[in-house]
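Numbering (full-length UniProt numbering), first residue to last: 1 to 414.
Just so it is clear, CB atoms sit at the ideal spot from N, CA and C, and this is done for glycine as well.
This report refers to the structure that appears directly beneath it.
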């Protein structure tokens with residue numbers, strides 16, 4: 001047996017072992033419910049009946065909403081309420097070389113894992129319990145949004161651009177951040193096929209810029225969304241031209257440019273909102289992008305007559321000081337997620353992620369662009385709160401997923 005085969009077998013054994021642990025946890029949930037109820041009765045009605053988990057070395061694996069831990073002190077675990085959470089990091093790199101395609105096994109992902117310690121000898125004082133309860137309260141209707149220009153699959157200017165060399169990295173970076181909704185640009189249909197094949201949590205919406213849903217050789221501004229969280233109510237793909245409903249381009253645009261608009265319903269709350277994914281033209285004439293931006297705003301207003309919350313994502317080929325960006329944000333129409341997140345101090349890696357047809361394998365070369373302005377943005381309207389913003393500069397086995405960094409923003413609907 002080759003070394004690779006042995007590694008795959010070892011990883012598969014560990015994978016099977018994890019599932020055995022999960023089965024044991026599921027079996028003990030009913031027993032744990034009674035234990036927790038008894039402990040809760042020992043507090044006053046205002047106290048948090050479940051103490052804070054305090055362990056610096058807990059190795060947690062998540063499957064569905066169940067948690068498994070290697071620390072024997074925390075062997076009693078319940079399918080806890082989302083009100084009681086801790087932040088953990090799960091390293092699933094051991095599955096990287098296996099043939100496992102389970103969407104629940106990202107290589108590297110941060111999660112809030114519900115977990116409860118049920119032993120009664122660590123009960124906290126009432127005031128501390130109340131404080132911890134409020135600290136751990138979940139934020140309702142908070143979701144993460146990603147915009148990601150994945151670079152069109154037929155690009156052959158460099159071996160680093162070849163889709164077959166970076167497609168795994170594209171999937172892994174989406175897995176790593178696990179956004180609830182992704183606005184994808186420059187994606188041809190067979191690229192989207194590959195992504196959906198490996199990311200089973202997501203469904204897709206959108207048509208190509210030549211107006212054919214199943215066009216194999218044309219680009220999409222597609223929207224990927226977690227089907228267990230959202231339902232599509234309405235949607236369309238329109239053209240950023242003088243005739244938005246027809247396959248067309250205007251004002252000297254090099255290509256047909258499109259935007260995909262989707263009206264979503266949040267399954268958990270019934271609330272609705274609009275999400276847009278777009279890409280403006282790269283023409284040297286800034287007036288082209290200004291006109292396309294105007295069409296985008298007008299169509300947005302027409303579709304959203306109800307005044308629902310709006311999140312706009314895309315590759316705008318325009319920096320923050322450019323006219324297109326200013327048109328989107330003037331008069332309080334939309335707010336740049338990066339600027340809004342900076343107000344609350346939760347912004348990471350605000351750096352360039354568009355490399356003008358060049359991709360740098362060497363990390364030092366890749367990082368030297370950090371202080372330049374970027375062209376990919378997420379905007380949200382005033383009916384939302386932007387909680388955080390991050391530029392995703394991850395590499396996977398030395399491979400950059402695209403010539404654009406994906407961006408992730410956490411947004412709460414008011």
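Alpha-carbon spacing of residue i relative to residue j, whole angstroms
i: residue 278; j: residue 145; result: 14 Å
i: residue 133; j: residue 193; result: Caution applies to residue 133, whose pLDDT of 32 falls short of 50 and renders its modelled position unreliable; the value that the coordinates give is listed next. Cα-Cα distance, rounded: 43 Å.
i: residue 414; j: residue 332; result: 17 Å
i: residue 166; j: residue 182; result: 18 Å
i: residue 299; j: residue 264; result: 17 Å
i: residue 266; j: residue 231; result: 7 Å
i: residue 246; j: residue 322; result: 28 Å
i: residue 253; j: residue 411; result: 32 Å
i: residue 290; j: residue 327; result: 7 Å
i: residue 352; j: residue 342; result: Annotation note: pLDDT 43 at residue 352 (below 50); position unreliable, no value reported.
i: residue 268; j: residue 13; result: 36 Å
i: residue 466; j: residue 334; result: A query on residue 466 cannot be resolved here, the shown segment of the chain reaching from 1 to 414 and no further.
i: residue 190; j: residue 385; result: 35 Å
i: residue 306; j: residue 295; result: 19 Å
i: residue 237; j: residue 148; result: 18 Å
i: residue 256; j: residue 209; result: 6 Å
i: residue 394; j: residue 173; result: 7 Å
i: residue 258; j: residue 303; result: 15 Å
i: residue 154; j: residue 160; result: 12 Å
i: residue 16; j: residue 398; result: 29 Å
i: residue 221; j: residue 301; result: 19 Å
i: residue 329; j: residue 150; result: 25 Å
Best match in the options for proximity to residue i [C-alpha to C-alpha]
i: residue 406; options: 261, 377 and 328; result: 377
i: residue 325; options: 286, 304 and 307; result: 286
i: residue 235; options: 183, 297, 276 and 202; result: 276
i: residue 315; options: 240, 14, 401 and 280; result: 280
i: residue 207; options: 239, 201, 179 and 336; result: 239
i: residue 382; options: 176, 210, 302 and 308; result: 308
i: residue 274; options: 223, 293, 244 and 342; result: 223
i: residue 202; options: 209, 184 and 261; result: 184
i: residue 293; options: 11, 399 and 242; result: 242
i: residue 390; options: 396, 398 and 339; result: 339
i: residue 229; options: 10, 237, 11 and 178; result: 178
i: residue 180; options: 162, 200, 6 and 161; result: 200
i: residue 387; options: 17, 143, 20 and 22; result: 143
i: residue 311; options: 160, 261, 23 and 155; result: 261
i: residue 318; options: 297, 330, 288 and 301; result: 288
i: residue 284; options: 150, 270 and 251; result: 251
i: residue 164; options: 227, 195 and 221; result: 195
i: residue 244; options: 297, 20 and 9; result: 297
Whole-angstrom C-beta distance between residue j and residue i, which should lie under 8 Å
i: residue 219; j: residue 152; result: 6 Å
i: residue 408; j: residue 392; result: 6 Å
i: residue 187; j: residue 400; result: With 8 Å as the limit, residue 187 and residue 400 do not qualify as a contact, their Cβ atoms being about 17 Å apart.
i: residue 379; j: residue 336; result: 6 Å
i: residue 204; j: residue 233; result: Incorrect: roughly 16 Å between the Cβ atoms, too far for contact.
Three-state secondary structure assigned by DSSP to residue i
i: residue 274; result: strand
i: residue 325; result: helix
i: residue 279; result: strand
i: residue 222; result: coil
i: residue 12; result: helix
i: residue 50; result: Here the model assigns residue 50 a pLDDT of 34, short of 50, so the residue's position is not dependable and the matter cannot be decided.
i: residue 229; result: coil
i: residue 431; result: A question about residue 431 goes unanswered here, because the residues of the chain that appear run from 1 up to 414.
i: residue 186; result: coil
i: residue 235; result: strand
i: residue 22; result: helix
i: residue 403; result: coil
i: residue 331; result: helix
i: residue 17; result: helix
i: residue 45; result: Residue placement at residue 45 is poorly supported in this model, since its pLDDT is 45, which falls under 50; the coordinates still yield a value, given next. In this structure, residue 45 counts as coil in the three-state DSSP scheme.
i: residue 6; result: helix
i: residue 243; result: coil
i: residue 181; result: strand
i: residue 250; result: coil
i: residue 208; result: strand
i: residue 315; result: strand
i: residue 413; result: strand
Bounding residues of the alpha helix (DSSP H) (the contiguous stretch that carries residue i)
i: residue 193; result: 189-198
i: residue 293; result: 286-303
i: residue 165; result: 163-177
i: residue 343; result: 337-343
First through last residue of the beta strand (DSSP E) which encompasses residue i
i: residue 263; result: 258-266
i: residue 307; result: Segment: none, residue 307 is in no beta strand (DSSP E) and carries neither H nor E.
i: residue 377; result: 376-380
i: residue 388; result: 384-391
i: residue 204; result: 202-205
i: residue 144; result: 142-149
Check: residue i C-beta below 7 Å from any heavy atom of the ligand HEM
i: residue 252; result: Questions concerning the ligand HEM fall outside what the structure shown contains, since it holds no ligand whatsoever.
Test: residue i CB closer than 8 Å to a CB of chain C
i: residue 409; result: Of the chains in the structure shown, none is chain C; there is only one protein chain.
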